[in-house]
Amino acid sequence: MSIKPWREIAIPHQDVLHGTFQQSEFAADLSRVHQGSASPEYGDPKLFYSRTFITEGMKLLLDSVIKRLSGRGGDPVIQLQTAFGGGKTHTMLAVYHLASGKAPLSELQGVASIVDAAGIMDVPKARVVVLDGNELSPNQTHSRDGVLIHTMWGELAWQLGQAEAYNIVKDADVSGTSPGKAILAELLSKYSPCVILIDELVAYLRQFEEGRTYAGGTFDSNLSFIQALTEALKAVPQAMMLASLPESHAELGGIRGQQALDALEKYFGRVQALWKPVATEEAFEIVRRRLFTNISDVHAVEEVCRAYSELYVQHSTEFPSETQETRYLDRLNQSYPIHPEVFDRLYEDWSSLDKFQRTRGVLKLMAKVIHKLWTEGNASPMIQCSDLPLNDQDVRNELVYYLPQGWDPVLERDVDGHRAETVTIDRDSRFGAYQAARRVARTIFLGSAPSVTLKSQRGIDQLRILLGCVQPGQTIGVYKDVLRRMSDVLHYLNNVNNRFYYDTRPNLRREMEERKQRFTDTDSEIRARLTKLLDTRREFAGVHIFTPSADIPDDEELRLVVLPTNGAYSRSAHNQAFTFAGDILIKRGSQPRSHQNRLIFLAADYEAVQRLRESIRTVLSWQSIVNDIKDARLNLDRVQQKQAEEQQARSQDVASRTLREAFKWLLVPYQEARQGQGVTDVAWEAMSIQPNANDAMVDIANKLKEDGLLITTWAPVHLSSMLKTWFWKNELNDAHALDVWKKTCQYLYLPRLHNQSVYHQAIDAGVRSRDFFGVAYGREGEEYQGFALEQNISVILDGTTLLIHPMIAQAYDAVQKQLRAQREAGQQGGSNTPPTSGGTLPVSPLGGSSGGSLGPIGPVNPEPPVVTPPVQQVKRRFYGKVQLPKTTAKMDFAKIYDEVLSHFALKHDGTVTITVEVEATSQGGFDEAFQRIIRENGGQLRFDMTEFEEN
2 MSIKPWREIA IPHQDVLHGT FQQSEFAADL SRVHQGSASP EYGDPKLFYS
52 RTFITEGMKL LLDSVIKRLS GRGGDPVIQL QTAFGGGKTH TMLAVYHLAS
102 GKAPLSELQG VASIVDAAGI MDVPKARVVV LDGNELSPNQ THSRDGVLIH
152 TMWGELAWQL GQAEAYNIVK DADVSGTSPG KAILAELLSK YSPCVILIDE
202 LVAYLRQFEE GRTYAGGTFD SNLSFIQALT EALKAVPQAM MLASLPESHA
252 ELGGIRGQQA LDALEKYFGR VQALWKPVAT EEAFEIVRRR LFTNISDVHA
302 VEEVCRAYSE LYVQHSTEFP SETQETRYLD RLNQSYPIHP EVFDRLYEDW
352 SSLDKFQRTR GVLKLMAKVI HKLWTEGNAS PMIQCSDLPL NDQDVRNELV
402 YYLPQGWDPV LERDVDGHRA ETVTIDRDSR FGAYQAARRV ARTIFLGSAP
452 SVTLKSQRGI DQLRILLGCV QPGQTIGVYK DVLRRMSDVL HYLNNVNNRF
502 YYDTRPNLRR EMEERKQRFT DTDSEIRARL TKLLDTRREF AGVHIFTPSA
552 DIPDDEELRL VVLPTNGAYS RSAHNQAFTF AGDILIKRGS QPRSHQNRLI
602 FLAADYEAVQ RLRESIRTVL SWQSIVNDIK DARLNLDRVQ QKQAEEQQAR
652 SQDVASRTLR EAFKWLLVPY QEARQGQGVT DVAWEAMSIQ PNANDAMVDI
702 ANKLKEDGLL ITTWAPVHLS SMLKTWFWKN ELNDAHALDV WKKTCQYLYL
752 PRLHNQSVYH QAIDAGVRSR DFFGVAYGRE GEEYQGFALE QNISVILDGT
802 TLLIHPMIAQ AYDAVQKQLR AQREAGQQGG SNTPPTSGGT LPVSPLGGSS
852 GGSLGPIGPV NPEPPVVTPP VQQVKRRFYG KVQLPKTTAK MDFAKIYDEV
902 LSHFALKHDG TVTITVEVEA TSQGGFDEAF QRIIRENGGQ LRFDMTEFEE
952 N
């Protein structure tokens, strides 16, 4: 079920809606109300109470006022002392409208219930005196109907009873001395019930310099008046005084103000009753009444608040613990449409700033916020910290006003400017759908900017950030991911002990970015990291990282070749990896490579190379910063030092992860042999390895084994099959075992064995059976030396070892067994059995002689079957001749070398002689200069003869 946005449920007042509010409207002025010049929302009692939420503290105070004016107890003196903007003046206005009786109590919203609870039928109309320290001047008199008023007590008397009352204190007023307790008690008794409201008293008293006498008296005489007045009020049952005193140093105005406050607190302390300041929850209703009209769709509000509450409960580990309490749902309902976290940050964090007024400041800020959100069409379910439009100049100025200098560039670049990094991050579709980066940035700013001057704990943790951002139905992980991205790229965002905060000083990222430009060679660092990553080698005898082809051995060992970053692999047509790998595969330096089947290649992913280089530059930059800190070449505070160390560690992790993600492609060369079509060109098998494997080399080896591209255990049946296909053919029935091994190392269409031991083990296993092959250690004529078949032996693998076709081996083995049987029979017959005249038994199935013995078993002169291997016709010389056209000779000769001559170069027991013969004619003849060039070049190229002839 979808929930409604706040703008469809809570409608702002017209002045907020249209942005016509003024600062003065939020600054309640007691004197203007008393003079009748205030705006209706403050001057009209009925309208004032309709927009005023009676807090618990105000309720207790009004109860005391009602009782005091009715002569039923109550406090004679009440001191209102809270932080700047804490609602003192607003509270005095509530007392003023209640006591003055200009409107019936029944029309004052919320007052009737207080009167009923006090058990009083009606409250008598009282005389109200307003003494505003900002209106009075110590050294300036003012006239009232021709009467010259000098002092604060003279003004008090005049407001109580004009000239008649003034005459009671006239002498004291003219002389500037305190009238005393008795005279004041007489004055108050005559004109009670009365209420005296003194606002900004410290602002008035701090103007009196020590030792000087003013028209308004002296500093001491004014303090004496306050002391006498507080004592006199105790004696008059229906008289009372409310006095506001500042709590913040910003309102004291220097040393003199502090002295005045200290003295006043001592006098008030004898009789005062302290007023309870506005609680945060009460501020909800204060702000809502002032900024919004009455909300009629209560059910819609409950749906929204319940959706938020369920979000917090379902993801309890992602949000602060207080969101799991039942009363948090009540807080959501009370503060709607503004999220309670906004109030918490303003009242707990921003109110700690000297210039920020608790109630007035919040009202003024939120009025501008709501106006901007309304005009922009904001459709959030509630107004959260992340909804504050910090890109609006009015809203930004309102917040920056309370902060030290230097915050504008922070907001413009890292938070909510038109060219801010957060805007760039939000171009990522995953983040842009929520405007996640900007929402997170606004939340961090609101929660951390006031703590910039703190030396201890600063900023807010991830739980509070998510509380300020996430809306019902959104994916929490998006905000967590964007927070990590922001930590990596923003210049003014800091992360210390997992607490995030903005500062007016760059967070070393700018320094790091500048240093990154120095590190252009990243391959050295990548090579060093790959060396460490691939250190175990595993199945490989050598790992060659960014190694020139000339330095990669051409031998029978299995080797892993890591291609440089500019030889990265891509699935697109433009693939540099195959080009780089092909060059190394074919040649070792300028010489042809023989053992091509011993190379496996590892290449980087083309798409990841730039990211890898960037991460390496970042690591090197942070390393240089940390080194400079250790060497005292960079002067930073402890917080920044720790930040640099943490960033270095984080960049190391990122670089390691990126390295594994980049170098993930195994490139394996192969060829296919097709019946009647020969061998195909070199092709490549590209396979990706897992970037998160514990051991990269183990993963590489396993991948090769799984895909059959590397054989670590070989069954003799496969060896026999390979021999039948490639070696036992064209009337050749045996093959040199060592030559077979060498061929598997050279040719890409043959199996790739891990090492010679795998091959040797296959031979040992095969010779134990009669099904695969026989083994011999040479052949003399037609006889095999050291022949073995179906024997449990360990074959010695050397240059003489032969692997014999199983059919030939089986037949040869049968002849040998028959001969042995005949010899054994002859030996048993002894000398009594003379040899026949027909000759001797053959000693070899390959020999031509045959014979017998006396008393042979079987027929006389037996002729055993002779299996004679075909005589091998070995061709030992090659001769070729070709004419090349002069226009393509260079290209054709290179092709001849690659296709013909390079194969002869692989034959270690042969020699190759190449003779180049050039014959040229010219109808016009060759001049001397031309002949000289040819002779000189021919000499340089070691021509045996360079002759020019006439015919």
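To convert, count from 1 in the sequence shown and add 1; that's my numbering. Even glycine gets a Cβ: it sits at the ideal position worked out from N, Cα and C.
Minimum C-alpha distance to leucine 885 - residue among Ala921, Arg459, Gly72: Its Cα nearest to that of leucine 885, the residue Ala921 stands out among Ala921, Arg459, Gly72.
Residue span of the beta strand (DSSP E) that contains tyrosine 502, given as start and end: DSSP places tyrosine 502 inside the beta strand (DSSP E), whose first and last residues are 500–503.
Whole-angstrom distance between leucine 733 and tryptophan 727, CA atom to CA atom: Approximately 10 Å, taken between the alpha carbons.
Residue-level contact to chain D via CB, proline 717, 8 Å cutoff: The structure shown contains no chain D; it holds only a single protein chain.
Glycine 258 versus aspartate 76: straight-line alpha-carbon distance, rounded: Separation of glycine 258 and aspartate 76 (C-alpha to C-alpha, rounded to the nearest whole angstrom) is 26 Å.
Contact set for glutamine 110: own chain, Cβ-Cβ below 7 Å, skip 5 residues either direction: The residues Tyr50, Ser51, in chain order, have a CB closer than 7 Å to that of glutamine 110 in the same chain once the five nearest residues on each side in sequence are set aside.
Buried versus exposed, by CB contacts within 10 Å (16 or more), leucine 149: Counting of Cβ neighbours within 10 angstroms places leucine 149 among the exposed residues, the total staying below 16.
Proximity to proline 593 [Cα-Cα], best of Ala810, Ile601, Asp584, Asp221: Nearest C-alpha to proline 593: Asp584.
Backbone CA spacing between glycine 162 and isoleucine 256 [nearest angstrom]: It is roughly 36 Å from the alpha-carbon of glycine 162 to the alpha-carbon of isoleucine 256.
Nearest to threonine 899 (by Cα), restricted to the options Ala736, Asp682, Lys725: Reading the sequence as shown, one finds aspartate at residue 899 and not threonine. Ranking Ala736, Asp682, Lys725 by Cα distance to aspartate 899 puts Asp682 first.
Beta-carbon proximity of leucine 224 to isoleucine 79, cut-off 8 Å: The Cβ atoms of leucine 224 and isoleucine 79 do not sit closer than 8 Å to each other.
Residue from Val302, Val299, Gln325, Ala301 with nearest C-alpha to glutamate 311: Here the closest residue by C-alpha is Gln325.
Length at least 4, wholly inside the segment 144–176: the alpha helix (DSSP H) runs in chain order: Here the runs fully enclosed are 153–176.
Cβ contact (3+ pairs, closer than 8 Å) linking the segment 260–268 and the segment 196–214: With a cut-off of 8 Å on Cβ pairs, the segment 260–268 is in contact with the segment 196–214, counting three or more such pairs.
Continuous alpha helix (DSSP H) stretch holding proline 717: start and end: Per DSSP, the unbroken alpha helix (DSSP H) holding proline 717 starts and ends at 717–727.
Neighbourhood of alanine 663 by C-beta distance below 7 Å, restricted to the same chain and skipping five residues each side: The answer, listed in chain order, is Ala605, Asp606, Ala609, Val610, Leu613.
Supposed contact pair tryptophan 154 and aspartate 133 - C-beta distance, whole angstroms, cut 8 Å: At roughly 15 Å, the Cβ-Cβ gap does not stay under 8 Å, so aspartate 133 and tryptophan 154 are not in contact.
CB-CB length for isoleucine 601 against leucine 667, believed under 8 Å: In this structure isoleucine 601 is in contact with leucine 667, their Cβ atoms being roughly 7 Å apart against a cut-off of 8 Å.
Coarse secondary structure for histidine 545, derived from DSSP in three states: For histidine 545, the secondary structure class from DSSP, reduced to helix, strand or coil, is strand.
Check whether phenylalanine 446 and tyrosine 403 have beta carbons under 8 Å apart: The answer is no: Cβ separation not under 8 Å.
Reduced DSSP category for serine 689 - H, G, I as helix; E, B as strand; rest coil: Three-state DSSP puts serine 689 in a strand.
Residue interval of the alpha helix (DSSP H) (run including isoleucine 296): Here isoleucine 296 belongs to no alpha helix (DSSP H), and DSSP marks it neither H nor E.
Residue range of the unbroken alpha helix (DSSP H) whose run includes arginine 328: That run of the alpha helix (DSSP H) goes 327–336.
Classification of tyrosine 880 by the beta-carbon crowding that lies within 10 angstroms, buried from 16 upward: It is exposed - the Cβ of tyrosine 880 has fewer than 16 other Cβ atoms within 10 Å.
At least 3 beta-carbon pairs within less than 8 Å: the segment 780–791 vs the segment 801–816: Contact check between the segment 780–791 and the segment 801–816: three or more CB pairs, one atom from each, fall below 8 Å, which counts as touching.
As assigned by DSSP and simplified to three states, the class of phenylalanine 602: Strand at phenylalanine 602.
Three-state secondary structure (DSSP) of aspartate 350: Three-state DSSP puts aspartate 350 in coil, outside helix and strand.
Tyrosine 493 versus serine 138 - alpha carbon distance: For tyrosine 493 and serine 138, the distance between alpha carbons rounds to 48 Å.
Pick from Ile477, Glu399, Ser488, Trp408 that is closest to alanine 450, judged by C-alpha positions: Checked all of Ile477, Glu399, Ser488, Trp408; the closest Cα to alanine 450 is Trp408.
Which residues DSSP lists as bridging alanine 789, in chain order: Answer is Val776, bridged to alanine 789.
8 Å contact criterion, which tyrosine 750 and glutamine 672 should meet: CB distance rounded: Yes, tyrosine 750 and glutamine 672 are in contact; Cβ-Cβ is about 4 Å, under 8 Å.
Buried or exposed by the 16-neighbour rule on C-beta atoms within 10 Å, applied to asparagine 496: By the neighbour-count criterion, in which 16 or more other beta carbons inside 10 Å mark a residue as buried, asparagine 496 falls on the buried side.
Runs of alpha helix (DSSP H) lying entirely within the segment 351–386, each at least 4 residues, in chain order: Runs of the alpha helix (DSSP H) spanning 4 or more residues and lying entirely within the segment 351–386 occur at 359–377, in chain order.
Inter-residue Cα distance where the pair is alanine 104 and threonine 476: In a straight line, the C-alpha of alanine 104 is about 54 Å away from that of threonine 476.
Beta-carbon gap between tyrosine 309 and leucine 347 smaller than 8 Å: No, the pair does not count as a contact, with Cβ atoms beyond the cut-off.
Cβ-Cβ distance between leucine 366 and leucine 400 below 8 Å: In contact: leucine 366 and leucine 400 (Cβ atoms closer than 8 Å).
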